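Below is one structure, written out as structure tokens; comments come after it.
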Amino acid sequence: MATTICFIIWVLFVTDTVWTRSVRQVYEASDPEDWTMYDFDCPRECFCPPSFPTALYCENRGLKEIPAIPSRIRYLYLENNLIETIPEKPFENATQLRWINLNKNKITNYGIEKGALSQLKKLLFLFLEDNELEEVPSPLPRSLEQLQLARNKVSRIPQGTFSNLENLTLLDLQHNKLLDNAFQRDTFKGLKNLMQLNMAKNALRNMPPRLPANTMQLFLDNNSIEGIPENYFNVIPKVAFLRLNHNKLSDAGLPSSGFNVSSILDLQLSHNQLTKVPKISAHLQHLHLDHNKIRNQNSQPLVRGKYHWDGILSPCVPFQQVGAKESINYDSETYDATLEDLDHLYNYENIPVGRAEIEIATVMPSGNRELLTPPPQPEEAEEEEEEESTPRLIDGSSPQEPEFTGVLGPQTNEDFPTCLLCTCISTTVYCDDHELDAIPPLPKNTAYFYSRFNRIKKINKNDFASLNDLRRIDLTSNLISEIDEDAFRKLPQLRELVLRDNKIRQLPELPTTLRFIDISNNRLGRKGIKQEAFKDMYDLHHLYLTDNNLDHIPLPLPENLRALHLQNNNILEMHEDTFCNVKNLTYIRKALEDIRLDGNPINLSKTPQAYMCLPRLPIGSLI
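Just so we're aligned, residue 868 is where the sequence shown starts under my numbering, counting upward by one.
As structure tokens, then:
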């Protein structure tokens, strides 16, 4: 028996070395134009899409180190690995990098080599969320526009960290361990263009001092803030969106003028200790005061609007504080009763908005400077270097310019603009980690939609209806168990569908335009995938179905498929014609170089002839 096993392994070894070499020789000899310089400098652990040579995809690979980055790369994706360090060497040739995503790794401050990041002179976006950082990393490149450090252990901001970051527009420090002593009066000095500052879910008891003057969005939810200093808002005269939900604010802790600040459009004070409605500006559009201790309207004259506290929705707002032709929405993300349940009590239609509506239309909810500045004049546009926009697809397709319905996009079921609840950048909508339980209404020209780490359970037929420009959907890590049969089928431009880490048992009909499918870590079983589901997807390059309960390989597979990941399923057998053409012994399946079958009960050594047409053997058990 042992002799037989050794012989089989030897045969497979010879197949992998001699036959694979001959296959590659035939490939190179017959189709030399198919090989480019990009095939040779692409790290083996990653994926380099030929149609988008400036992007490098290394996410979800179990990497412990950053591979050497080719000089052509501008967009680098390394999220969800086991990386602990950021040394200089992998980036020594990557001088064109614009975007680095290192979310969900194990990076510490001690693991970041000094100069590793600051040497990247063209870097614009740096994502380091969900790591092990204890302080804001420094030094950082002067070019940086967005720094995202959510869900780390940051408790310190070294002096001078931000002094040279004059281009930074967004700083996300939410869900860390910041205390009041983390800030000095000059902590934010140098952030001349900062527009969005998020320090929610920390341990602050006081408002942070000396914020950048251009701050437009300030998020301080889920702290322990007890008061706001007098004239605090004088130093941030442009603040438009202010969130202080889940703090310890009392009437005595508010300045004498309250929140009577003309720039504030959205004010959120839910879950505090207020007993009175604070003073507000006539320009305010949304006011959130639910879950406080407010029991009356202070006997003030009222006008019609939306007013909500402790589960009681009132159609009135204080007359002295609101112009008669304007409208205030006094609402909340967490209602005690839905608006639909209260329709018989009140008329919730807003009074027609005059000047206030015009003002809100000039304010974007994103921290991206590109959205907050006017487009360049034709003369300026000609002088600017042409650069690819930030990629959202592995094929590098460029999104169309947005034609959104209203600046803040359509309204959610709670009468809340999607682009205020989420972040909209050009034709991309980010709704990650917002505790959503349904797909929000999307602007009609949305091309890239991200709603990861939420609580969505179902995808309905009309969730993506009429979104003819939608190219990528990423719903990783939700609770999805049900998908309507027509949810995706009629999307004419859909290229990438990511549904990993859900509870999906049945896959609906998919559009044939797909190039990238990832439905890993779900509950797909014997009948979970329709017969010939992928047959007509001629452009499908990557199919990831790991960690399901499949007992067979879904056939037929498209000829252009490059990667098939089926590890950790229940696949028991494979046939001679699964990958090859038994009627044509000269047939070579040159595209399919990455097959993963490890973690299945199948014994690959039983069918060595099934791989004779492949450039590489599948990875899996030989015994």
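In this text, a Cβ means the ideal position worked out from N, Cα and C, and glycines have one as well.
All values reported here derive from a predicted model rather than from experimental measurement.
Determine whether the beta carbon atoms of Ala1067 and Gln1041 lie at a separation below 8 angstroms.
yes
In the DSSP assignment, find the alpha helix (DSSP H) that holds Thr1285 and state where it starts and stops.
1285 to 1288
Quick one: Cα of Lys1311 to Cα of Leu1337, how far?
Roughly 9 angstroms separates the two Cα atoms.
Residues sharing a beta bridge with Leu1134, DSSP:
Leu1109, Leu1154
Excluding sequence positions up to five away, which residues of its chain have a Cβ less than 6 angstroms from the Cβ of Asp1385?
Val1365, Arg1367, Tyr1411
Per the DSSP calculation, Lys1325 is bridged to which residue(s)?
Glu1349
Considering Glu1363, what are the terminal residues of the beta strand (DSSP E) in which it resides?
1363 to 1365
Give me, in chain order, the residues of the same chain whose beta-carbon lies closer than 7 angstroms to that of Ala896; leave out the 5 immediate sequence neighbours on both sides.
In this predicted model, Ala896 has a pLDDT of only 29, less than 50, meaning its place in the structure is not dependable; the value taken from the coordinates is given anyway. So the list is empty, once near-sequence residues are dropped.
Rounded straight-line distance, which links the Cα of Ile1103 to that of Ile1092
18 angstroms
Residues near Pro934 in its chain [Cβ-Cβ closer than 6 angstroms; skip 5 each side]:
Pro910, Glu912
Close-in-space but distant-in-sequence residues of the same chain around Ser1344 (CB under 7 angstroms, 5 per side omitted):
The beta carbon of Ser1344 sits closer than 7 angstroms to the beta carbons of Arg1319, Phe1320, Asp1368 from its chain, once the five residues preceding and following it are set aside; these are given in chain order.
How would you call Ser1137, buried or exposed, if buried means at least 16 neighbouring beta carbons within 10 angstroms?
Counting the other Cβ atoms within 10 Å of the Cβ of Ser1137 gives 16 or more, which makes it buried.
Using a threshold of 8 angstroms, state whether the C-beta atoms of Glu1001 and Lys971 are closer than that.
no
How many Å lie between Asp1418 and Leu1334 at the Cα?
Straight-line Cα distance between these residues: approximately 35 angstroms.
Quick one: what's Arg1463 bridged to in DSSP?
His1432, Ile1486
Count the other C-beta atoms from every protein chain shown that fall within 10 angstroms of the C-beta of Tyr942, then say buried if there are 16 or more, exposed otherwise.
buried
C-alpha gap between Phe1029 and Asn1048, whole angstroms:
Phe1029 and Asn1048: Cα-Cα distance of roughly 17 angstroms.
For Tyr996 and Leu964, I'd like the C-alpha separation in whole angstroms.
Going by the sequence as given, residue 996 is Glu instead of Tyr. Their Cα atoms are separated by approximately 19 angstroms.
Taking all protein chains shown into account, do 16 or more other C-beta atoms lie within 10 angstroms of the C-beta of Glu959, making it buried, or fewer, making it exposed?
exposed
Three-way DSSP call (helix, strand, coil) for Val1102 in this model:
helix
Checking 8 angstroms against the spacing of the C-beta atoms, do Asn1081 and Lys1115 come in under that value?
no
For Phe919 and Arg1018, I'd like the C-alpha separation in whole angstroms.
31 angstroms
DSSP three-state assignment for Asn1159, whether helix, strand or coil
Here DSSP, grouped into helix, strand and coil, assigns Asn1159 to coil.
Scan the segment 947 to 986 and note each continuous beta strand (DSSP E) run of 3 residues or more that stays entirely inside, going in chain order.
Segments of the beta strand (DSSP E) lying fully in the segment 947 to 986: 966 to 968.
To the nearest angstrom, how far is it from the Cα of Arg928 to the Cα of Asn1089?
Going by the C-alpha atoms only, they are around 34 angstroms apart.
Going by beta carbon distance, what residues of the same chain come within less than 6 angstroms of Lys1044, once the five residues before and after it are set aside?
The beta carbon of Lys1044 is closer than 6 angstroms to those of Lys1020, Ser1022 in its chain, skipping five residues each way along the sequence.
Under the rule that 16 or more other beta-carbon atoms within 10 Å means buried, what is Ala1119, buried or exposed?
exposed
I'd like to know whether the C-beta atoms of Leu1058 and Leu1032 end up nearer to each other than 8 angstroms.
Less than 8 angstroms divides the Cβ of Leu1058 from the Cβ of Leu1032.
C-beta atoms of Asn1467 and Leu1433 nearer than 8 angstroms:
yes
Through-space distance from Thr1036 to Pro1245, alpha-carbon basis
Residue placement at Pro1245 is flagged as unreliable, the pLDDT there being 35, under the threshold of 50; a coordinate-derived value is accordingly withheld.
On the CB-based measure, 16 or more other CB atoms within 10 Å of its CB, does Val1003 come out buried or exposed?
So Val1003 ends up on the buried side.
Using only CA atoms, which one of Gln1373, Val1449, His1408 lies nearest to Glu1460?
Of the candidates Gln1373, Val1449, His1408, the one whose C-alpha sits nearest the C-alpha of Glu1460 is His1408.
Can you tell me which of Leu1361, His1301, Glu1352, Glu1302 puts its alpha carbon nearest to the alpha carbon of Ala1314?
Leu1361
With distances taken from CA atoms, which of His1155, Asn1436, Cys915, Leu1309 is nearest Lys1143?
His1155
Sequence-distant residues of the same chain with beta carbon closer than 6 angstroms to Ile1486, five excluded per side:
Arg1463, Asp1465
Contact set for Leu1046: own chain, Cβ-Cβ below 6 angstroms, skip 5 residues either direction
Ala1070
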